[in-house]
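Step one of this worksheet: look at the structure below.
There are 2 protein chains.
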Amino acid sequence: MSNIILDDGSESDHDINTQITDAPIATISEDSDLPLAQQAANVLRDMIVQDIIPPGKPIRERTLAQQLNVSRTPLREALRILAVDGLVELLPSRGAIAANPSSEDVKHMLEFLGGIEGLAGELACKRATDEEIDEIRALHYEMLAAFARKDRLAYFKLNQRIHRALVLASGNPLLIETHERMNARLYRIRYRSNMRNTKWPTAISEHEEILKAIENRDAVKLNDLLRNHLGSTWTKVSEDGQLGTTDHHHND
Amino acid sequence: MSNIILDDGSESDHDINTQITDAPIATISEDSDLPLAQQAANVLRDMIVQDIIPPGKPIRERTLAQQLNVSRTPLREALRILAVDGLVELLPSRGAIAANPSSEDVKHMLEFLGGIEGLAGELACKRATDEEIDEIRALHYEMLAAFARKDRLAYFKLNQRIHRALVLASGNPLLIETHERMNARLYRIRYRSNMRNTKWPTAISEHEEILKAIENRDAVKLNDLLRNHLGSTWTKVSEDGQLGTTDHHHND
DNA sequence: CGCTTGAATTTGGTATACCATATTGACAGC
DNA sequence: GCTGTCAATATGGTATACCAAATTCAAGCG
C-alpha cells in the first residue's frame, strides 16, 4: 500500500494529510505477529487521524477491505474497535462513517482532554523523575526554536510531545491511554487549528509557565494551567468554517 | 438463556453473582433492532461485570457462541469491543480471557476513577440544575436509610446511583462515558470490597460532605472530596486474598 | 415535469468453511 | 516412573457464502 487511493479513485491530496506525519501509514503484512484485525485497526486509525479518510465519509466494507488486502471479517472487527475509540460512528444497518464531531462535541472533548491533562500533570509533579523533567525542558526549548523559526508544523509536533511526556510522567496507564485516545480523536482538528492559530504567543507563554510548574513540582498550578491551556491552542470552531457542517472540499 | 451454564458444566453459584443486580441478564433476540454483535457485547459485559464469567477465565469462542445462540462472527466482534473497554484481555493467537486486573491495576483504576469523578463534580457544581441536586439529595437520604438498616447491598447500589448522578450532572458526555466504562471494570471488585468494608461510617460522613458541597456548588471542595473518596469505599486489595492471584475457587 | 413505485443492485449482518497453529494426550524410549 | 516426541484434536484467525434490508434508479403515472 504505497499510496492510499480513495473510493472515488482520486488520491487524497488536500491540504494536510501528507504533512501531519512524516512516517507513512503502516502496511498490513501477513507475517506480522499481530492479527489482521489489529493491524487493520491501526492502519484505519492512522487514515482517519491523518484525514486520509475525512470526517463523515462512509466506510464501505468491501471496498476498504480490498484496498487493505484483508477480508471483511477482520476489517469489521477493526471498525468495532475504532467505534469504541470514537474514531468511527456505526450507524445501525447503515454501516460506518469516519467520526464527524460537531463543534459541541469538540468542546466537550477539549474540556475532557484538558481535565485529563490536568490530572496527569498533578500526578506528574509528584512522580516524575528528574530525568523526565529534563526531557520535558529539552522539548520545550526545541519548541521555542520552532516558534522562533515560525515553523508551525514542528511546533505542533513538539507541543504534542511535551503534553504526551507530561502525561507519561503521571505514571497512570489509564490516564496515558485515555489521553492518547482522546488526542487521536482531536488530532486532525487541533492540527488545522494550530496552523491558523492567532494566539500563538499566548500559547508559548503558557508553556513557559507549564515548564516552571513542573520544574517546581507545583501540582495545583500545573493542573490549573493544563486545564485551561487548550483554549490557547485552539481557535474557536465557530470561526473555522469546516467543522460541524458537511465537508465541502471532499468529493464523496 | 434462562440460566448461564459455565464451560465446566457447573452453574455459577458463588457468593455474589445473583445479588449484584436484580435484573436478569438480557437475552439475545433476533428481533432486536441492535446487531447481534452489539447485543452479545452487552450480555457479555454483564456476565463479566456480575462475575458470572470470573476474572482470568478463558473465553472459548465456539462454546460461548453456542450458549448465546450466535455465531462466532458477532461474538468475536463483541470480544473486540469489550477488549477496548478493558473487560476482556486478548492474548494473541491464544484467545480471550475475562480481565484479571492486578492489585496495581486496581490502584491505577481507582486513582483514575477518582480523578474523573472529581472533574465531573467540579463541572456539576457549575452546571447541575436544582432538580438534579434535589435528586442527589433524595438518593443520599435513601442511602442513609440503607445504612441505618445495615443493608449493604442497597447501600452499594444507592452509592453507585449517587456517583452516577453526580457525573451525569457534569454535562460532559465523555466524562459520563469514561466513568461508566471504568465503573464497569471496577464494579465486581468494589462490590466485594463494599460487602466487607469496615470503614462504612467514614464513607457515610464523607457522603454528607459531598452532598453539602454540591448543594453549595463548591466546586473545589467537591472535586477534592470525590478525588479522595474512593479510598473510603475500598478496603485495600492486599487485604483481599483474591485479587492479583489466580482465582482458586473457580474450577477452570 | 415531478412524484410514485418497484425491480435491480449494493450493502451490512450473520453463519459457515477452511486453515494454520497451539494444545493435548498417548505411546515409545530411557 | 519420567521424559521426549508425534499424532490427534481443539482453537483462534481468516475468507467466503448467503441473506435481508437499504439504496438506487428507471419506468410509469399523474
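As you go down the protein sequences, you meet chains A and B in turn.
So the number in the numbering used here is just where the residue sits in the first sequence, counting from 1, plus 415.
So the number in the numbering used here is just where the residue sits in the second sequence, counting from 1, plus 415.
Don't be surprised by glycine CBs; every beta carbon is placed ideally from N, CA and C.
Quick caveat: nothing in here was measured; it's all calculated off a predicted structure.
*To which residues does DSSP link glycine 510(A) through a beta bridge?*
Position 95 of the first sequence holds residue 510(A). In DSSP, glycine 510(A) forms a bridge with Leu506(A).
*Who are the near neighbours of arginine 596(A) in its chain, counting only those whose CB is closer than 8 Å to its CB and skipping five residues on each side?*
Reading the first sequence from its first residue, position 181 is the one you call residue 596(A). Excluding residues within five positions, the ones whose Cβ falls inside 8 Å are Asp500 and Gly501.
*Whole angstroms is fine: what's the gap from leucine 573(B)'s alpha carbon to leucine 645(A)'s?*
Within the second sequence, numbered from 1, the residue matching residue 573(B) stands at position 158. Within the first sequence, numbered from 1, the residue matching residue 645(A) stands at position 230. Roughly 36 Å separates the two Cα atoms.
*Mind checking serine 608(B): buried by the 16 CB within 10 Å criterion, or exposed?*
One-based indexing of the second sequence puts residue 608(B) at position 193. Burial call: buried.
*Using a Cβ-Cβ cut-off of 8 Å, state whether glycine 536(A) counts as contacting chain B.*
As a working note, residue 536(A) is residue 121 in the first sequence. So no, glycine 536(A) is outside the interface.
*In or out: alanine 553(B) buried (at least 16 other Cβ within 10 Å) or exposed?*
The residue labelled residue 553(B) in the question sits at position 138 within the second sequence. Flag for alanine 553(B) reads exposed.
_C-beta neighbour in chain B for aspartate 633(A), strict 8 Å_ = The residue you call residue 633(A) lines up with position 218 of the first sequence. By this cut-off, aspartate 633(A) is not an interface position.
*glutamate 504(B) and alanine 514(B) look like a contact to me (Cβ under 8 Å); what is the Cβ gap, rounded to whole Å?*
Sequence index remark: in the second sequence, residue 504(B) carries index 89 (1-based). Sequence index remark: in the second sequence, residue 514(B) carries index 99 (1-based). Right, the Cβ-Cβ distance comes to about 6 Å (below 8 Å), so this counts as a contact.
*Smallest Cα separation from glutamate 476(A): which of Ser508(A), Lys565(A) and Val635(A)?*
For the purposes of this step, residue 476(A) is taken as residue 61 along the first sequence, with counting starting at 1. Nearest of Ser508(A), Lys565(A) and Val635(A) to glutamate 476(A), Cα basis: Ser508(A).
*DSSP three-state call for isoleucine 577(A): helix, strand or coil?*
Taking the first sequence and counting its residues from 1, one reaches residue 577(A) at position 162. Looking at isoleucine 577(A) - three-state DSSP - the assignment turns out to be helix.
*Under the three-state reduction of DSSP, which class applies to isoleucine 496(B): helix, strand or coil?*
On the second sequence, position 81 is the one that residue 496(B) refers to. Helix, per DSSP.
*Name the DSSP beta bridge partners of isoleucine 591(A), please?*
Residue 591(A) sits at position 176 when you count from the first residue of the first sequence. Per DSSP, none; premise fails for isoleucine 591(A).
*Between the beta-carbon of glutamate 532(B) and the beta-carbon of leucine 601(B), is there less than 8 Å?*
The sequence position of residue 532(B) within the second sequence is 117, counting from 1. The sequence position of residue 601(B) within the second sequence is 186, counting from 1. Going by C-beta atoms, glutamate 532(B) is not nearer than 8 Å to leucine 601(B).
*For the candidate residues Tyr570(A), Glu526(A), Ala543(A) and Ala456(A), whose alpha-carbon lies nearest to that of isoleucine 619(A)?*
Here residue 619(A) refers to the residue found at position 204 when the first sequence is read from its first residue. Measuring from the Cα of isoleucine 619(A), the nearest candidate turns out to be Tyr570(A).
*asked:* Output needed for glutamine 657(B): all residues of its chain with C-beta closer than 7 Å, excluding positions within five of it in sequence on either side, in chain order.
replied: Translated into the one-based positions of the second sequence, residue 657(B) becomes position 242. Its pLDDT being 44, under 50, glutamine 657(B) is placed unreliably in this model, and the coordinates cannot settle the point.
*How would you label alanine 560(B), buried or exposed, when you count the other beta carbons within 10 angstroms and need 16 or more for buried?*
On the second sequence, position 145 is the one that residue 560(B) refers to. Classification of alanine 560(B): exposed, given that the 10 Å Cβ count is below 16.
_Members of the segment 583 to 594 of chain B near chain A, C-beta cut-off 8 Å_ = Asn587, Pro588, Leu589, Leu590 and Thr593
*By Cβ distance below 8 Å, which residues in the same chain neighbour leucine 590(B) in space, the five residues on each side in sequence not counted?*
Taking the first residue of the second sequence as position 1, residue 590(B) is located at position 175. Ile531, Leu534, Ala535, Leu538 and Val582, listed in sequence order.
*Taking one C-beta from the segment 463 to 475 of chain A and one from the segment 458 to 466 of chain B each time, how about it: are there three or more such pairs within less than 8 Å?*
no
*DSSP state of isoleucine 531(A), grouped into three classes?*
Counting from 1 along the first sequence, the entry for residue 531(A) is found at position 116. Isoleucine 531(A): helix per DSSP, three-state reduction.
*Identify, in the order they occur along the chain, each residue of the same chain with its Cβ nearer than 6 Å to the Cβ of alanine 511(B), setting aside the five sequence neighbours on each side.*
For the purposes of this step, residue 511(B) is taken as the residue at position 96 of the second sequence. Excluding positions up to five away in sequence, the list reads Ile474, Leu494, Val503 and Leu505.
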